[in-house]
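Chains as they are written, first to last, in the numbering used here: chain D, 1 to 358; chain R, 359 to 612. Don't be surprised by glycine CBs; every beta carbon is placed ideally from N, CA and C.
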Amino acid sequence: MASTTRSGLLGEPIAWAKRNLFNTPANSVFSLAALWLLWKTIPPLVSWALIKATWTGDPAACRAAGGACWAFVTEKYRLILFGIYPFEEQWRPLLAVLLFIAMMLVTANPRFWKRWLSWMWLGGLAVVGVLMWGGVLGLAQVPNERWGGLPLTLILSTAGIVLSFPLAVLLALGRRSKLPAVRAGCVAYIELWRGVPLVSVLFMASIMFPLFLPEGFTIDKLLRAQLGIILFTSAYIAETIRGGLQAIPRGQYEAADALGLSYWRKMRLVILPQALRLVIPPLVGQFITTFKDTSLVIIIGLYDLLSSTKVALSDPQWRSFYAEGYIVAALIYFVFTFFMSRYSQYLERRLNTGVRRG
Amino acid sequence: MTGTGAMPKDEIAISLMDVNKWYGGYHALRDVTLEVKRGERVVVAGPSGSGKSTMIRCINRLEEHQGGRIVVNGTEVTSDLKSIEAVRHDVGMVFQQFNLFPHLTVLENLTLAPLWVKHMPKPEAADIAMKYLDRVKIVEHAHKYPGQLSGGQQQRVAIARSLCMKPSIMLFDEPTSALDPEMIKEVLDVMVELAEEGMTMVCVTHEMGFARTVADTVVFMADGQIVEKNSPAELFGNPKEERTRQFLSQIIRH
């Protein structure tokens, strides 16, 4: 827009501010208060995080500079990212993380929604397993007590989401089944898992569950936690999907019935594609929750991203720089969850083309 | 499965014997008895709530009847999945609200059942679909989504979708009631054409013009019962029952 007003260059911003920030006395008060708050917080923050910050060096250098001590992160980033995984072998979890991210990016593109995707994931997860565990192909074996950091977070959350999803679909369908036994079973499952906090599920998985197993028979702690997360998450996702199923008009079921489609084909080809589309926003919300909730495994002694940050901070030399450590961990969580939420918006827009016109 | 081509003309396609249905305490169908011959065109008329839709929806088991018997092409309609499958294989249905699948293109709507129910190879299913789209004059919209079409176009697609399964019987449940007036004709034209080709049809409709020109038999229903059944000329020109006369005078008034 060409600005040819008498006030020149500032004319438009001033007009905009008058229209939007100072249009009523109350708004003027709020605007001034907000400006004052920004003035009080932003400059000191910039000064702390950037201007006075120390990027490399030792704790003494940090203290001398007085700003943020990113040197802590420079020093400890491998411990934060990969936990206590053997230092020389950390290229393996790095590769695993990159593989995860690559597979997520491929999956995110609707062009690739073909059958081979599931094979890619199965293959990819197998490769991740080999990389992390080792013991074959000349890789040294790393027991999973030593796994940690970002790869562990990604494994727990991705497997939690991917594997709970099909279970959730079955539960949602089961809860709407005409067979009373199936319905009752699904209701009981869903209400039971939704009725307990994830923390107690993880406790049960790690402490109580082994008590019920026969002598000499053990299931790995990580696997137990993973199972707990899957079963727990599936109950929530099931309810989300059920909401979508309820929104599909009866006519869609009847048209599929009249064409002779069997129950499972009707669901897979007609009902679920529409129902899932409707619940993308809450579904992604649930995925984000699951991603963040994996940090609760700290209480049963697994070292996910947040726990490994804590471990890094336990070094007495660096202990006072916890803010920097947690900011970095938070930023890593944020990058992933922000991508998920932006992606869900993109997906909604894309899947709605052609469907809701007219 | 019954082969439809070999059946003699006089054979009974659909027979309802003393069919009863309740919704809770509400008696929706009372001793409904009706026979439809192969190739016969039956129009079902009656005030709303008279059980017309319920009756035809019992024929392909979208509704369950609780008393009496329904036999379609020699197969009794029961809760047995095999019998339901056999009946739905032979019976196509067109709904008031079209019920196209909004997430699929027109062509995908048509090929879905041939691909997944009849396990037809994809090119063959697409060929058949295009043939029927041509017949309902909608070929140029094959790759659009239902939401991009007008109501009349959607209903013609719905008819083509049913025909792709090569049914021997077609049920129409108020196919023009949800349409704007200017679109009713294009749908009725397709139905007339279908009737002229000898399709067995049971059609619930308020289009009395259609009934006059196409129907072999008009059935008048009220309160869950068949009140009167006759040729269109007789039923419209010389109704025997008071209830029929009353209904006809009501719909002719506007």
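- Item | Nearest-angstrom Cα separation, counted from PHE287 (chain D) out to MET375 (chain R) | Approximately 55 Å between the Cα atoms of the pair.
- Which one or two residues does DSSP pair with PHE399 (chain R) in a beta bridge? The residue asked about is misnamed: residue 399 (chain R) is Arg in this sequence, not Phe. ARG399 (chain R) is bridged to R:MET559.
- Task: Measure the alpha-carbon distance for TRP121 (chain D) versus LEU152 (chain D) and round it to whole angstroms.
- Result: 17 Å
- Scan the segment 203-264 of chain D and note each continuous alpha helix (DSSP H) run of 4 residues or more that stays entirely inside, going in chain order. 209-212, 221-246 and 250-258
- Interface partners of GLY251 (chain D) on chain R, CB under 9 Å: PHE453, GLN454, GLN455, PHE456 and ASN457
- Task: Following the continuous alpha helix (DSSP H) through MET104 (chain D), name the residue where it begins and the one where it ends.
- Result: 91-108
- Task: Keeping to the same chain, check which residues put their C-beta closer than 6 Å to that of PHE530 (chain R); ignore five residues upstream and five downstream.
- Result: VAL452 and CYS561
- Message: Just checking: is the beta-carbon of PRO273 (chain D) within a distance shorter than 9 Å of some beta-carbon in chain R?
- Response: yes
- Task: Figure out for me which residue from D:GLN345, D:ARG19 and D:ASP257 has the closest Cα to the Cα of ASP448 (chain R).
- Result: D:ASP257
- Query: Name the DSSP beta bridge partners of MET375 (chain R), please?
  - Reply: R:ARG427
- Buried versus exposed, by CB contacts within 10 Å (16 or more), PHE456 (chain R): buried
- Message: Using the three-state DSSP reduction, which class does HIS477 (chain R) fall into: helix, strand or coil?
- Response: coil
- Task: Measure from the C-beta of GLY450 (chain R) to each C-beta in chain D and report whether the shortest distance is under 9 Å.
- Result: yes
- Message: Going by DSSP in three states, TYR77 (chain D) sits in which element: helix, strand or coil?
- Response: helix
- Please classify LEU331 (chain D): is it buried, with 16 or more other beta-carbons within 10 angstroms of its beta-carbon, or exposed? exposed
- Item | Nearest-angstrom Cα separation, counted from SER406 (chain R) out to LYS489 (chain R) | 36 Å
- With 16 other CB atoms within 10 Å as the buried threshold, where does HIS501 (chain R) fall? With fewer than 16 Cβ atoms within 10 Å of its Cβ, HIS501 (chain R) is classed as exposed.
- Message: Per the DSSP calculation, ASP58 (chain D) is bridged to which residue(s)?
- Response: According to DSSP, which records beta bridges pairwise, ASP58 (chain D) is partnered with nothing at all.
- Query: Beta-carbon of ALA247 (chain D) versus every beta-carbon of chain R: anything under 9 Å?
  - Reply: no
- 6 Å Cβ shell around LEU222 (chain D) - same chain, five flanking residues per side excluded: ASN144
- Message: Within 8 Å, do at least three Cβ pairs link the segment 401-417 of chain R to the segment 550-568 of chain R?
- Response: yes
- Test item: CB-CB of THR463 (chain R) and LYS480 (chain R) under 9 Å: no
- Item | Which listed residue (D:TRP147, D:THR54 and D:ILE84) has its alpha carbon closest to that of VAL311 (chain D) | D:ILE84
- Measuring only between beta-carbons, confirm whether ARG92 (chain D) sits less than 9 Å from chain R. Not a single CB atom of chain R sits nearer than 9 Å to the CB of ARG92 (chain D).
- Query: According to DSSP, which residues form a beta bridge with ASP315 (chain D)?
  - Reply: The partner list for ASP315 (chain D) (beta bridge, DSSP) is empty, contrary to what the question assumes.
- Item | Closest Cα partner of TYR326 (chain D) within the set D:ALA184, D:LEU139 and D:TYR77 | D:TYR77
- Message: I need the boundaries of the beta strand (DSSP E) containing ILE517 (chain R), first residue and last residue.
- Response: Careful: ILE517 (chain R) lies outside any beta strand (DSSP E), inside the alpha helix (DSSP H) at 509-521.
- Query: Taking C-beta to C-beta, are GLY426 (chain R) and ASN378 (chain R) nearer than 9 Å?
  - Reply: yes
- Query: Per DSSP, what kind of secondary structure is ASN418 (chain R) in: helix, strand or coil?
  - Reply: coil
- Residues of chain R with a CB under 7 Å from the CB of GLU348 (chain D): which are they? Neighbours of GLU348 (chain D) on chain R: none; closest Cβ ~13 Å, over 7 Å.
- Query: Looking at LYS410 (chain R) and GLU369 (chain R), is the spacing between their C-beta atoms short of 9 Å?
  - Reply: no
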